[in-house]
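Participant:
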Amino acid sequence: MSQRIDVAGRSEASEVWPRKRLYPLARLLTEALSPFTVVAVLLTVVALLTDPHWVRSAVITVVPIAVVPQGISLYLTHRGLASDKFIRHRRQRHLFYALTLGSVLLGTALVFVIPTSMELRVVSALSVGTLLAVMAINTRIKISIHALIAAVAAVVLPAMLSSWVVLVLAVLGWAGVTWSRLYLDRHQVSDVVLGSILGGFVGVFFLILV
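In UniProt numbering, the protein residues as written are 1 to 210.
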């Protein structure tokens with residue numbers, strides 16, 4: 001009888017150990033490839049490749065579209081209005097999306113007022129459209145923004161940089177971050193699939209327009 005208990009105990013421990021071992025990797029991917037970070041990189045690359053005054057253009061887009069939304073999420077988390085900075089619970093996202101929409105609209109207005117590239121204006125306008133789509137979806141079901149933004153980057157960055165290396169890295173980044181959201185039990189498979197599909201559509205639509 002004691003032997004059976006020991007075997008069961010070892011079996012249970014062997015199942016728990018790999019999850020503990022992979023947890024730091026999942027957390028690293030979730031943090032390093034957060035939507036805020038990837039959006040900032042995406043906007044900076046588009047500005048760098050298309051605008052002679054790319055530093056100014058990157059600032060006026062990255063701050064309202066990536067930096068301010070992250071500040072909003074941290075503030076809501078600090079005030080106890082959100083579970084964490086990635087806002088796990090769908091109903092808690094309504095306020096975040098509403099506040100973020102105001103900031104994204106400001107950033108989009110700036111790129112149309114201040115001389116910048118057509119590509120930046122398109123990607124800013126698509127940011128507004130994507131956020132509105134996410135807000136509508138969020139009223140019914142949950143969607144993974146990590147997967148959405150990673151999918152946009154996986155489509156846009158390799159095409160703009162014309163690099164197979166970037167394509168491989170971007171696809172691996174998308175796969176890694178979607179896995180991390182599932183591993184950390186922050187999303188269901190349907191959430192990351194829906195996010196990936198919408199992100200891929202947005203990325204292709206951007207390339208068609210530019």
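Even glycine gets a Cβ: it sits at the ideal position worked out from N, Cα and C.
Do Leu76 and Leu95 count as a contact pair if the criterion is CB distance below 9 angstroms?
Facilitator: yes
Participant: Give me the Cα-Cα distance between residue 213 and Pro35, rounded to the nearest whole angstrom.
Facilitator: Coverage of the chain is limited to positions 1 through 210, which leaves residue 213 absent and any answer about it impossible.
Participant: Tell me where the alpha helix (DSSP H) around Val210 begins and ends.
Facilitator: Here Val210 belongs to no alpha helix (DSSP H), and DSSP marks it neither H nor E.
Participant: What are the boundary residues of the alpha helix (DSSP H) that Gly181 is part of?
Facilitator: It is worth fixing the name first, because residue 181 is Arg in this sequence and not Gly. Following the DSSP letters along the chain, one finds Arg181 inside the alpha helix (DSSP H) bounded by residues 164 to 183.
Participant: Quick check: what's the CA-CA separation for Ala147 versus Leu198?
Facilitator: When the Cα atoms are used, Ala147 and Leu198 turn out to be separated by approximately 9 angstroms.
Participant: Taking just the CA atoms, how far does Arg186 sit from Ala8?
Facilitator: The predicted position of Ala8 is uncertain, since its pLDDT is 45 and thus under 50; no value can be drawn from it.
Participant: I'd like to know if the region 73 to 87 and the region 117 to 131 are in contact, where contact means that at least 3 CB-CB pairs between them fall below 8 angstroms.
Facilitator: no
Participant: Nearest to Ser117 by CA position, among Gly203, Val45, Val193, is which residue?
Facilitator: Val45
Participant: Start and end of the alpha helix (DSSP H) containing Gly129?
Facilitator: 118 to 138
Participant: Out of Val104, Tyr183, Ala175, Ala151, which one is the CA nearest neighbour of Arg21?
Facilitator: Tyr183
Participant: Applying the 10 Å Cβ sphere with the 16-neighbour rule, what's the burial state of Asp84?
Facilitator: exposed
Participant: Here's the rule: buried if 16 or more other CB atoms are within 10 angstroms of the residue's CB, otherwise exposed. What is Phe112?
Facilitator: exposed
Participant: Around the Cβ of Trp174, are there at least 16 other Cβ atoms within 10 angstroms (buried) or fewer (exposed)?
Facilitator: buried
Participant: Let me confirm a value: Gly102 is counted as buried when at least 16 other C-beta atoms fall within 10 Å, else exposed. Which label applies?
Facilitator: An exposed status is given to Gly102, since fewer than 16 other beta-carbon atoms sit within 10 Å of its beta-carbon.
Participant: If I measure Cβ to Cβ from residue 216 and keep anything under 7 angstroms in the same chain, skipping five residues before and after, which residues do I get?
Facilitator: The question about residue 216 has no answer, for the chain in this structure spans 1 to 210.
Participant: Tell me which same chain residues have a C-beta within less than 8 angstroms of the C-beta of Pro158, skipping the five on either side of it?
Facilitator: Trp164, Val166, Leu167, Ala170
Participant: Using a Cβ-Cβ cutoff of less than 8 angstroms, which residues in the same chain neighbour Val134 once the five nearest sequence positions on both sides are dropped?
Facilitator: Tyr97, Ile143, Ile145, Leu148, Leu198
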